[in-house]
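The structure under discussion appears below in the form of structure tokens.
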Amino acid sequence: MTAHVTTHASAKKKINQSDIQPRRMDFEFDPSIPVYWFDNDQFKSILLTSLSCTFPEGERFFVRSVRHFQKNIQDPLLREQVKGFIGQEAHHGNEHDAFNDFMESKGVPARKVDAFVKDGMKFLAKWLTPERQLAKTCALEHFTAMLAEMILEHPEFIKGMDERMVPLWLWHAIEESEHKSVAFDVYKDQVDSYWVRSSEMAFTTVEFIGFTFVHYWQLRNEMDDPTDWKSVRNGFNWLMGNPGWLRKLGKSYLAYYKRDFHPSKRDSKHLRQRALIRLANMMDRPDLVA
């Protein structure tokens, strides 16, 4: 195995009719991986860790919001796609739980943020209707799909990331791209309100961006070493200036507000296949592309 992230279980090859394949990876993280594992940079490493802290409870919220409508779905293909979606999201939550535990062992208070997110998901479940919860899932799935396909299309985005960390993020990106249409198709099938969908995206945008940086500062403020302000300045330039990765997502983001929007209009199968080959080579796992 060329990467120092190891797996114990082989990928599940149960490919359903929809070809959405849950892959159980069982990542382990080498204790020698540094706390600043992304380009040896404080901002990049902690920002992505803050995202990871939202994934376990966030993915479980997604699953619950889709499951609420699952029994009403008549289309057999969509029913199979939902099964694949639930399987993938369950694995994502588990693997990021393991990653967050690893970062906690490095002195990053990941579990504090995880608990904060868990409380937030309970609040949403209490106060949002099932239709709004599903619309929020669609909005957040669009964000994760945009970020995932940026990683897949532009490998330079993760340039400088510790090679032992790359498999986790590459695998997650592949599967987010793979199931990007599922929650949206359930929404179209069961709710199909443009107003609810578009307004929930507007609310979710503020929440997603705002809480990502809130979580970043939650992590930073509880760590022993002082904030590297040069890293913060460079990080905002990395996001919004040059190369401006966040800025580059503007067109894809705005497309969501079109009445005829559908995630599948962007065909990314070739990007996933290329990334799967890279992942299989990194991990000496030919079964991933078999």
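Under this note's numbering, the first residue of the sequence shown is numbered 1, with each subsequent residue one higher. Where is the CB? At the ideal position from N, CA and C, for every residue including glycine. The structure presented is a predicted model; accordingly, all values stated were derived computationally and were not measured.
- Assignment of M25 by DSSP, reduced to helix, strand and coil, places it in the coil class.
- Scanning W229, K136, K71, C53 for the CA closest to the CA of D101 turns up C53.
- About 11 Å separates the CB atoms of A275 and I158; that is not less than 8 Å, and the two are not in contact.
- From the listed residues E28, H68, I277, L48, the smallest Cα separation to T129 is found for H68.
- If you check the CB distance, G107 and V35 come in under 8 Å.
- Close CB contacts of S177 within its chain, under the 8 Å cut and outside five residues either way in sequence, are with A145, A148, E149, L152, S268, L271, R272 (chain order).
- Put simply, the backbone Cα of A135 is about 20 Å away from that of G93.
- In the three-state DSSP reduction, F38 falls in the strand class (E or B).
- In the three-state scheme derived from DSSP, where H, G and I count as helix and E and B as strand, M282 is classed as helix.
- In the DSSP annotation of this structure, the continuous segment of the alpha helix (DSSP H) that includes G235 starts and ends at 229 to 240.
- In this model, E28 and H179 are separated by some 25 Å (Cα to Cα).
- The beta carbons of V63 and E131 sit no closer together than 8 Å.
- Between the beta-carbon of Q133 and that of S65 there is about 4 Å, and that keeps the pair under the 8 Å contact cut.
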